[in-house]
Amino acid sequence: MISVLTLLGTLPALADSQAMDLGTVSATGGGGDTSTPSVTGKGTATYEAPGSMSINATEPVFNINQHYIEENAAPGASYSDIISILPSVTSVDPNGPGGMENQALTLRGFQDGQYNVTFDGIPWGDSNDFTHHTTSYFMEQDLAGVKVDLGPGDASNIGYSTFGGTIALSSKLPQNQTGTSIFGSFGSWNTRLLGAQFDTGNLQNYGDTKAFISYKDFSTDGYLTNSAQQRKNLFMKFEKVVGDDTLLTFVAMGNKIQQNVPYGATLQQMAQYGRNYGLSSNPNSQAFYGYNFDNITSDFEYIGIKTRFGDVDVDNKLYTYAYYHNGYNGLQPGFGTYPGTGNGAGLPATGTVVGGTAYPNDIPGQAMTMNYRSVGDLLRMSEILGQGQLDYGTWIDYQNNNRSQYETDWTLNGAYNSGNQIYATTGNLAYTDRLMMDTLTTIQPYVQYEWRPTEKWTITPGLKYSYFERSFNSPVMQGTGQPYNGAQSWVKPLPALTTNYKVSSNWSFYGEYAAGFMAPNMNNFFKSNAQTGTLQPQSTQNFQIGTVFTTRTLNLSADLYRINFTDKISPVACGINTCFTNIGGVRYDGGEMQGTWMFARGFSLYGNLGINNYSTSDGSILPYTPRTTAALGGIYDQGNWYGSLITKEVGARNSGAMAATNIPFGSYTMTDFNMSYKIDTGWSWARQAKLGFQINNLFNRNDIYASTSGFTDQNGNPLLFALPERSYVVNFSVMF
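For the sequence shown, my numbering begins at 66 and goes up steadily by one.
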């Protein structure tokens, strides 16, 4: 195995920079597209498609390109907003696009934590439960595209939780021409975005070097009351060609968020204050916005080297990323949310206890931290061998996570939003809900061989070996409140077999078998018997078949799947907390189809359909698994004009696994309209300008569509979210 240090010490000599393909190695099997430009370039159905598939696919991998993102994504949009158009995907941000972390992003019913997210092939996420903070990392202005892999991928697809699928984000490339772009947006709920990007262009005097840096400042009051967010994001990418077959890449990102965080509202609160009720303006309430806020700082960096040693192509990324979260909330934000007089209005009679002294009329709260950093290395190698290509590599990741939560007294403090709250004797473990230090070590080597028995047929058997180890050094373990020091590890070989057969140059069939595996997440340790025994990991067996047909004017695909799931862990409500239970086996069956038809010059029609059925061994209900999803719309792209009108429908869903906590939600439909016009100024100092207009939720649907991870008020009433009402955005950009 070749390490990154070896690569740095043995870079080839300078020569022609075009001797090898310097594109990004695919992190999801079948995701690449080597179709001819006449099928995929500008002015084709594939280029205009909100989601397209390649005839080289070996499982359903839907591609959303940069063109679609630039024309349709709202300011501040996260990847969860971008991919919501795809079949079998459900996603709505309850505070408006990008206004808060997504609450119910699912792929075929798999929830966050059960699927993988990567950036330029590097997996990232929280080690505690493998979930992702959609607003804390990458913004749409820096993305070249997003691929959604509805399946575990081939053996080369690595990550914390690949068996539910992979959302693969890729960064934009620096431009060859020097230039500066200034862009901005203004819209409903006082939503504003201002940003700029500077491209160095190709610096010949520095040996084929180019880079760009972008800065975005986003803020919104949000659809939900008193639920504002301010976000600042800096992104930089640097590329340098060294020799005839080596590319060095450096990427760095920093993100800072300040936000007030709502937990949803009861039906009674919605009836009294409106469906946009989020947080209270009453300081006597535990739901007062001044007691419920986050300060979050995150970063992501990697150094990449792509080179060739003899016949071996090498792609190595040494990376680190971090997430630092200081959060504050009322003890039970669903309590005391009605305006009243006097301290403690609507609070439990016990109030707050600090240092043995009771304060029955005080506002109880909590202060938490979650700080982690991951470091890792991703090595991919490939070489032509016999009638095919041998791919092999290793992913190694280590994450150190420190988590705490203390009881607070907001009334004694006498101030809020200052970051200097007085806590309930933080050195006294009696007022400590958790004080945990944990690590997660992940190692995933893989090997696969893409065998080509004929020019039209590829068969790719592969094997990935997955190793996870969790360790704890926790003075106060969440759930038990007791100390816990220990470690558990899990290992499993994961075979995969994929195939693709091309009937012709624009029509193919594919099939896949793959095993999936996910180590138990941290919440399984929040009970003493789990700490003394061996937890059973979740696993799947996946079977998929499909077909893709693509021409200049048409991109069509369809697939069928079956997933056998064992030891399925599902969230259930238990008071104001979320508990987890093993519901045993689950069988998923379904399929997707999508198509884009360019029926006239500049005019395209897009549609998709997802069908997702399941059955559980104990008869329980899977959260947020719609039986159907569908989309239909039209796109116009001709000359300087672009327009789209697309509707997405999500079928009926349920919120919980158990009948006692289950909430049924009906289907809902969202329609978005986008229009833009490019202005060729003819000026030397401003080459081009662009104006755009967006209407989100055109028909103003305001359905209640989700609950908040099992949170309830003091009477056991669930906290709910409704679809954000119709909103408007004006966009502009100028290129210098």
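Heads up, the beta-carbon is just placed ideally off N, CA and C, and yes, glycines get one too.
Here's the rule I'm using: 16 or more other beta-carbon atoms within 10 Å means buried, otherwise exposed. How should residue i be labelled?
i: Pro-789; result: buried
i: Ala-220; result: buried
i: Thr-507; result: buried
i: Asn-466; result: buried
i: Asp-376; result: exposed
i: Thr-196; result: buried
i: Glu-472; result: buried
i: His-255; result: Just to set this straight, residue 255 is Asn in the shown sequence, not His. Counting Cβ neighbours within 10 Å, Asn-255 comes out exposed, since fewer than 16 surround it.
i: Asp-158; result: buried
i: Thr-406; result: Low confidence applies here, because Thr-406 scores a pLDDT of 32, under 50, leaving its location unreliable; read the following figure in that light. Counting Cβ neighbours within 10 Å, Thr-406 comes out exposed, since fewer than 16 surround it.
i: Pro-691; result: buried
i: Gln-397; result: buried
i: Ser-531; result: buried
i: Thr-93; result: With a pLDDT of only 40 at Thr-93, under the threshold of 50, the placement of this residue in the model should not be trusted; the figure read from the coordinates follows. By the neighbour-count rule (16 or more Cβ atoms within 10 Å), Thr-93 is buried.
i: Lys-302; result: buried
i: Val-568; result: exposed
Nearest CA to the CA of residue i: which residue from the options?
i: Tyr-701; options: Ser-732, Thr-681, Arg-692, Asn-739; result: Asn-739
i: Arg-296; options: Gly-747, Gly-656, Tyr-280; result: Tyr-280
i: Gly-161; options: Gln-179, Ile-628, Tyr-530, Leu-289; result: Leu-289
i: Asp-146; options: Gln-179, Leu-234, Gly-698, Phe-758; result: Leu-234
i: Glu-136; options: Gly-210, Ile-676, Arg-438; result: Gly-210
i: Trp-572; options: Lys-107, Ala-122, Asn-360; result: Ala-122
i: Leu-528; options: Ser-469, Gly-458, Val-326, Gly-339; result: Gly-458
i: Val-379; options: Pro-140, Leu-443, Gln-179; result: Leu-443
i: Asn-222; options: Ala-317, Leu-208, Gly-186, Thr-245; result: Gly-186
i: Phe-300; options: Gln-334, Lys-521, Lys-557, Met-204; result: Met-204
i: Asn-538; options: Ser-469, Leu-215, Arg-517; result: Ser-469
i: Tyr-393; options: Gly-551, Ile-428, Arg-373, Tyr-356; result: Tyr-356
i: Val-316; options: Phe-353, Gly-190, Asp-191, Lys-275; result: Lys-275
i: Thr-694; options: Tyr-578, Ala-110, Gln-659, Gln-397; result: Gln-659
i: Gly-656; options: Met-663, Gly-672, Leu-625, Trp-662; result: Leu-625
i: Ile-148; options: Gly-164, Asp-191, Gly-308, Asn-130; result: Asn-130
i: Phe-228; options: Glu-366, Ser-363, Gln-606, Ser-236; result: Gln-606
i: Asp-364; options: Gln-176, Tyr-202, Tyr-671; result: Tyr-202
i: Gln-206; options: Ser-536, Thr-285, Ser-680, Ser-236; result: Ser-236
i: Ser-117; options: Ile-686, Gly-611, Asn-128; result: Asn-128
Under a three-way DSSP split, which group does residue i fall into?
i: Gln-179; result: coil
i: Leu-784; result: strand
i: Met-433; result: strand
i: Asn-571; result: coil
i: Leu-670; result: strand
i: Gly-660; result: strand
i: Leu-344; result: coil
i: Gly-355; result: helix
i: Met-735; result: strand
i: Phe-300; result: strand
i: Ala-169; result: coil
i: Met-800; result: strand
i: Gln-334; result: helix
i: Asn-394; result: strand
i: Asn-767; result: coil
i: Phe-590; result: helix
i: Gly-409; result: Note on Gly-409: pLDDT 35, under 50, position unreliable in the model; the coordinate value appears next. In this structure, Gly-409 counts as coil in the three-state DSSP scheme.
i: Gly-698; result: strand
i: Ser-685; result: coil
i: Asn-349; result: coil
i: Ser-680; result: strand
i: Asn-360; result: strand
i: Thr-777; result: strand
i: Pro-518; result: strand
May I ask you to list the residues that DSSP assigns as paired with residue i?
i: Pro-526; result: Leu-562
i: Leu-619; result: Trp-662
i: Arg-499; result: Gln-470
i: Lys-743; result: Lys-755
i: Gln-553; result: Arg-535
i: Tyr-511; result: Gly-458, Lys-529
i: Ser-749; result: In DSSP, Ser-749 forms no bridge with anything.
i: Arg-718; result: Phe-730
Does residue i get closer than 8 Å to chain C when you measure Cβ to Cβ?
i: Asn-727; result: In the displayed structure, chain C is absent; only one protein chain is listed.
The ligand MN and residue i: does any heavy atom of the ligand fall closer than 7 Å to the residue's C-beta?
i: Gly-108; result: You won't find the ligand MN in this model; it holds no ligand whatsoever.
Would you mind listing the beta strand (DSSP E) stretches within the segment 443-475 that are 3+ residues and don't spill past its ends, in chain order? 453-474
For a minimum of 3 consecutive residues, which ranges assigned as the beta strand (DSSP E) are wholly contained in the segment 192-275? 208-214, 231-236, 244-252, 256-264
Extract the residue ranges of the beta strand (DSSP E) inside the segment 98-162, only unbroken runs of 3 or more that lie entirely within it. 126-130
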